[in-house]
């Protein structure tokens, strides 16, 4: 009896710990908003850019600008676009009346023109377009007057933005006209339109409140959009097409995919295991015990992740669901040992499962050390889940599965099949050799792919829509831009002005489609003063106004009145802060970063956003250009992230090697010289897997390497269990059951549409199969006598 | 003329900031007073434009020729400064001394299509087209009619508060009142001898 006391204490302590986990989870989930504990943003998987927090901030601001908008483009064939306008209007009305959107428009802010005019009016004598500046600078009064006359009589002139007397040369009108942003969307009388070779499109823009990543929001908005499309009867007309663009669609698709895959993969994996175990044990108890250990592991892992990270990424959960394939190892090993050895099963297998746990946790520690928050989460989830499963087996199983009942058959169900396969191990070895040679050929052509596309999981149709809209809108992307920083705003703007001359050249030569810069809307004070002086010199001292009035045949009084406007004007210089404080800055809020200046940021930071480029080589040119100016950097988030993926791929490889060395030392301590063989099998099967994948033309990614950690963990379990039990049938049964359950779980992962999960599945599935086959081919011979020993 | 200038540029300036006010529904039949305009064939003649600007004590007078053939309107200012404009459904082109200095193609700038549509509609009496953009009021007889255009669209309305057109067998005059107080009046005359 005394020996049972520690066992009871252990069991109760573990039960209490799990209870408190359950309590903590219950408390956390009582929060009605799942957004507070589940993360669905794929970018959360990416590391924070330690080197360039400023670039991150700028990129975030640009992305935020579009984050709460969706664009719907209604298209009709150019030859038959009668229905286009009415259909677009119906869609807008339906979206409006849904009440789910804060604003619905056919392209922007209708108040803007008036707001711009009011904002710039006090500064009308100090803001010159390049053309006017040149004209005034040349001092050619005749040309100036001629231009004015032409504008007064021609329909092609900019509209007059101030009364004639106030601004006879229409400086303000010219300034406002050049503010027009470049882009592929063009206005007509009813809104923005775009066209390609065959189709004409109308733009509908809708804004919403709340986060695009909030699942409740996603559901509500998507339903509203679908309902509006139905109400507008867009689908009834075969001629009409609809393009969708916006973060909301991608976020919702990603969340939906992760949700459905989590349930299919998790459920599929569970169902497979339940069926397999029921077939094997023919008894409900051995069926429930592995589930208990899996459940306890998941509970502990989820609680730990929420405590450590605050929120759990939905992909972590999907990955975690596959963890059942690994954590079931310990329970299976215990049950198989108990069936065939009866009592003291734990004592018998404890060294094996403990070593299995340590090596798996070691393997995961490599993943936990990467700077990817999502991957770190997965590693912590996996390691803690395994510890939870191990603790359940150690603390509860001896009590719950004490004695094998009398009618339990002691024979192994799997061993006959395994033994039959082992008897043909020459063939097996030959087959593996052929596979190995193929893999070797594949390894010689190994390629790596670190592109961002690896993280892109949106459905192809949505991506095609998005690409089409991008092409039509020519909108500046949030992933590539010039970032400028300086000690003060004036220096910053002067740098921008110098830089823009070079950018203008690139725009003229059509290398760069367009750009947007702060100094286009707020020139440097130096330039404003220079322009103001020029206006005074030419229009007042140089008598430009007087000449114009004379030419028009107006009286001297009118000319004097107009001159007085300019002469009595007290200039105030525009600064970026004036812009930031005004509602019009909402047009391009990401150009000036200082309104949310936080400690540690340089005094003045701005962004020059870049439109599409003619070819990627232009980015090298822009890089060279940025290098010429102090405080200017070309931010290329796409390249940055690819670079990060590449460097983490290398880091993970190095950590894997280090983990392998540590594991090899550990194995040598326990098993002596030949201990390394246990490690060699999963390593060999991993290499073969990589070779075979490469043979099929798949480049390897960071995620294949991370999946190899899983193969390593499960493969080590296999090797250690077999070694600890000297290849007894119960051990073979356990590792085979484990391999089968893992293959079930990860086989389903390989079907995932989410690239990251697919890579895991495609690596782990063949990896485990090969490890098992290799173990059989290399070891089965030494244990051939064992089955007879235990068969009655 | 200023109407279209103002319209064109103002609408154009609003790039990205337009919205629909009203959609034309079933077009009513063309009032009898205007029916003959659509069939009147090629139109050409002389125009005199008087513009009154706020803060300028005298009207600005300019004159020139216009010619409508098929779907292209040629607008030539001859005095006090020469400039030439070709307006068609596909493009608006500005010429100086016979040289093209500016082109707005309908493909690049859909708004120019709207402008040229309105422009051509006024000259051709295309009732349905005008109805897309304006609330139309007609009074008088076929020999002496008055047409009042009130913009349906806020964007157009901000530039052209109201347009009044008068005519008989032919278009006689057009007056634009801008909300800011500037006024433009264009009078049309039969071609002088020697002009096309």
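Residue numbers (our numbering), protein chains in the order written: chain A, 552 to 1343; chain B, 346 to 541. In this text, a Cβ means the ideal position worked out from N, Cα and C, and glycines have one as well.
For the pair of segments examined, the segment 1072–1089 of chain A was found not to touch the segment 1173–1184 of chain A: the number of CB pairs separated by less than 8 Å stays below three. Within the segment 1150–1211 of chain A, the complete alpha helix (DSSP H) segments of 4 residues or longer fall at 1168–1179, listed in chain order.
Residue 752/A: not part of any alpha helix (DSSP H); member of the beta strand (DSSP E) spanning 750–758, first to last residue.
Interface criterion met: the Cβ of residue 422/B is under 8 Å from a Cβ in chain A.
In this structure, 1144/A is the residue among 1162/A, 1161/A, 1144/A with its C-alpha nearest to the C-alpha of residue 1155/A.
Closest by C-alpha distance to residue 899/A, out of 766/A, 949/A, 627/A, 779/A, is 949/A. Taken in chain order, the complete beta strand (DSSP E) segments of 3 residues or longer contained in the segment 411–484 of chain B are 417–424, 428–433, 436–441, 444–450. Within the segment 991–1072 of chain A, the complete alpha helix (DSSP H) segments at least 4 residues long are 1011–1024, 1040–1059, 1069–1072, listed from N- to C-terminus.
For residue 1159/A, same chain residues with a beta-carbon under 6 Å away, outside a window of 5 residues either side, are 1033, 1066, 1068 in chain order. In the displayed model, residue 812/A falls within a helix according to three-state DSSP. Under the DSSP definition of a beta bridge, residue 739/A partners with 742/A. Counting the other CB atoms within 10 Å of its CB gives residue 1179/A a total below 16, which places it among the exposed residues. What residue 426/B touches in chain A, judged by beta-carbon distance under 7 Å, is 697, 700, 701, 704, going in chain order. Counting C-beta pairs with one atom in each stretch, the segment 1281–1293 of chain A and the segment 884–892 of chain A have three or more that are closer than 8 Å, which means they touch. Here residue 947/A carries a coil assignment [DSSP, helix/strand/coil]. For residue 405/B, DSSP records a beta bridge to 396/B.
Scanning the segment 1249–1322 of chain A from its first residue to its last, no whole beta strand (DSSP E) run of 3-plus residues comes out. For residue 513/B, not one C-beta of chain A is nearer than 8 Å to its own C-beta.
Interface criterion not met: the Cβ of residue 502/B is under 8 Å from no Cβ in chain A. For the segment 389–401 of chain B, residues whose beta-carbon sits nearer than 8 Å to a beta-carbon of chain A comprise 394, 396, 398, 399, 400, 401.
Membership of residue 730/A in any alpha helix (DSSP H) is not indicated, and neither H nor E is assigned to it by DSSP. A Cβ-Cβ separation of about 35 Å leaves residue 848/A out of contact with residue 987/A under the 8 Å criterion. Taking a C-beta distance under 8 Å as the contact criterion, residue 1295/A and residue 824/A qualify as a contact pair. Assignment of residue 589/A by DSSP, reduced to helix, strand and coil, places it in the strand class.
Among the residues of chain B, none has a CB under 9 Å from the CB of residue 694/A; the nearest is roughly 12 Å distant. Cβ-Cβ distances below 6 Å link residue 915/A to 930, 933, 934 in the same chain, with the five nearest sequence neighbours on each side left out; the list follows chain order. Using a Cβ-Cβ cut-off of 8 Å, residue 531/B does not count as an interface residue toward chain A, since no Cβ of chain A sits closer than that to its own. Inter-residue distance for residue 1271/A and residue 976/A is about 21 Å (C-alpha atoms, whole angstroms). A straight-line Cα-Cα distance of about 16 Å links residue 1289/A and residue 910/A. Counting along the chain, the unbroken alpha helix (DSSP H) around residue 841/A starts and ends at 835–860. The DSSP-derived three-state label of residue 1074/A is coil. In the pairwise beta carbon analysis, the segment 1212–1228 of chain A is classified as not touching the segment 1101–1121 of chain A: fewer than three pairs are separated by under 8 Å.
The beta carbons of residue 862/A and residue 580/A sit no closer together than 8 Å.
Interface flag for residue 1032/A against chain B is unset, since no Cβ pair is found closer than 8 Å. Burial state of residue 1199/A is buried, judged by a 10 Å Cβ sphere holding 16 or more other Cβ atoms. Rounded to whole angstroms, residue 420/B and residue 534/B show a C-alpha spacing of 14 Å.
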